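Comments concern the structure below.
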Amino acid sequence: MCAYYQSRGIELGPLLPASDLDLASSKGKLVLCPPSALHDKWSRRFAKVVVGMASGWMQIRARAKQKGIELPLIISDHADWFELTDTLLEVHPNEVWITHGREEALLYYATQKAFKAQALNLLGYDEEDD
Numbered sequence: 097m098c099a100y101y102q103s104r105g106i107e108l109g110p111l112l113p114a115s116d117l118d119l120a121s122s123k124g125k126l127v128l129c130p131p132s133a134l135h136d137k138w139s140r141r142f143a144k145v146v147v148g149m150a151s152g153w154m155q156i157r158a159r160a161k162q163k164g165i166e167l168p169l170i171i172s173d174h175a176d177w178f179e180l181t182d183t184l185l186e187v188h189p190n191e192v193w194i195t196h197g198r199e200e201a202l203l204y205y206a207t208q209k210a211f212k213a214q215a216l217n218l219l220g221y222d223e224e225d226d
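In this text, residue positions in the sequence shown follow the working numbering: the first is 97, and each later residue adds one.
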């Protein structure tokens with residue numbers, strides 16, 4: 097994904113795999129990872145870690161506290177309705193797989209616009225687990 101952004105002229109700065117960092121070289125660095133990686137062996141080697149999370153759910157203090165988040169960043173990871181529908185019309189994909197949110201609404205819209213679409217109904221990936 098980073099290579100794609102860079103190919104579009106968006107400079108992200110130097111990017112290194114976190115697995116290449118040792119304790120000394122990790123001081124003061126920002127390490128981005130999915131929440132599940134916080135429990136992996138490689139992430140436990142870092143000292144004085146401040147755990148942050150970017151999600152619209154972070155506006156709920158109890159949710160941040162429950163997950164042990166010290167630095168809640170209130171940023172929604174969802175596209176708005178018009179962003180989604182405009183993207184469909186611009187990209188015109190061969191198939192649309194809908195995995196999140198109110199699947200039935202986007203499924204209805206996509207099929208009305210003659211897109212082959214399906215809701216994946218992924219178990220365990222509802223809005224509560226963001």
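For glycine and all other residues, C-beta sits at the position ideal for the given N, C-alpha and C.
Note that the structure is a prediction, hence the values are computed from the model and not measured.
**Message:** Does Ser151 pass the burial test, meaning 16 or more other C-beta atoms within 10 Å, or should it be called exposed?
**Reply:** buried
**Message:** Helix, strand or coil for Ala206? Go by DSSP, reduced to three states.
**Reply:** helix
**Item:** Top-ranked residue by Cα proximity to Val146, from Arg198, Leu128 and Ile106
**Value:** Leu128
**Message:** Suppose the cutoff is 7 Å on Cβ atoms and the five residues either side in sequence are ignored; what does the same chain contact list for Gln102 look like?
**Reply:** Leu108
**Request:** For Asp196, collect the residues of the same chain with a Cβ closer than 6 Å to its Cβ; drop the 5 residues on either side in sequence, then sort them by chain order.
**Result:** In the sequence as displayed, the identity of residue 196 is His instead of Asp. There are no such residues.
**Request:** Determine the direct distance from the alpha carbon of Leu169 to that of Leu216, and round the result to whole angstroms.
**Result:** 29 Å
**Asked** Tell me which same chain residues have a C-beta within less than 8 Å of the C-beta of Glu224, skipping the five on either side of it?
**Response** With a pLDDT of only 48 at Glu224, under the threshold of 50, the placement of this residue in the model should not be trusted, and no figure is reported.
**Message:** Quick check on the burial criterion: 16 or more other C-beta atoms within 10 angstroms. Buried or exposed for Val187?
**Reply:** exposed
**Item:** For Pro130, the nearest candidate out of Asp116, Gly148 and Arg104 (CA to CA)
**Value:** Gly148
**Prompt:** Out of Lys161, Ala143 and Lys137, which has the shortest C-alpha to C-alpha gap to Gly228?
**Reply:** Coverage of the chain is limited to positions 97 through 226, which leaves residue 228 absent and any answer about it impossible.
**Limits of the beta strand (DSSP E) - the one that Gln214 falls within** = Ala213 to Ala215
**Request:** Return the chain-ordered ranges of every beta strand (DSSP E) run that is complete within the region 149-188 and spans a minimum of 3 residues.
**Result:** 167-169
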